[in-house]
Amino acid sequence: MGFFLTVSEWALSNNLTLNTSKTKEIVIQNAKLRQKATPPAPLPRIVRESSLRVLGVTLTPNLSASEHVRGVYQELFPDMKFIHVKIHVK
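Given below as structure tokens:
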């Protein structure tokens with residue numbers, strides 16, 4: 327809850343209002359540490375998402391480009407749903 331208060335305090339000190347009904351959260355972790363780390367508790371009144379689209383870019387918890395590229399491909403070629411695209415980014 328400390329980070330949420332920091333964001334809220336920053337918004338207030340800059341004469342901004344934090345709209346919690348539009349605020350979303352995504353937890354990004356190092357893939358190598360995912361099994362060892364426990365995600366933080368959800369923030370009050372903030373929805374936790376498994377992926378977010380920010381400025382046209384899809385973000386996922388492991389920062390993989392696969393979901394983003396798949397979404398762009400489906401937008402550009404909606405009639406080609408039968409083609410399976412396998413994306414492997416290292």
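Heads up, the numbering used here is the position in the sequence shown plus 326, with the first residue counted as 1.
Every residue, glycine too, gets a C-beta built ideally from N, C-alpha and C.
Between the CA atoms of residue j and residue i - distance to the nearest angstrom
{"i": "Glu351", "j": "Ala337", "result": "16 Å"}
{"i": "Gln400", "j": "Lys358", "result": "30 Å"}
{"i": "Asn356", "j": "Thr364", "result": "12 Å"}
{"i": "Phe403", "j": "Arg396", "result": "10 Å"}
{"i": "Ser347", "j": "Ser376", "result": "17 Å"}
{"i": "Ser339", "j": "Pro387", "result": "30 Å"}
{"i": "Ser392", "j": "Val398", "result": "10 Å"}
Expected contact under 8 Å - CB spacing of residue i and residue j to nearest Å
{"i": "Pro370", "j": "Val353", "result": "That pair is no contact at about 16 Å."}
{"i": "Leu378", "j": "Leu385", "result": "5 Å"}
{"i": "Val333", "j": "Leu342", "result": "Between Leu342 and Val333 the Cβ distance is about 10 Å, and since that is not below 8 Å, they are no contact."}
{"i": "Val380", "j": "His394", "result": "Wrong, their Cβ atoms sit about 11 Å apart, outside the cutoff."}
Bridge-paired residues (DSSP) for residue i
{"i": "Glu351", "result": "Arg374"}
{"i": "Val380", "result": "Val383"}
Chain-order list of residues whose beta-carbon lies under 6 Å from that of residue i (same chain, five-residue window excluded)
{"i": "Val373", "result": "Lys350"}
Beta-carbon proximity list for residue i, same chain, < 8 Å, skipping 5 on both sides
{"i": "Pro368", "result": "Glu351 and Arg374"}
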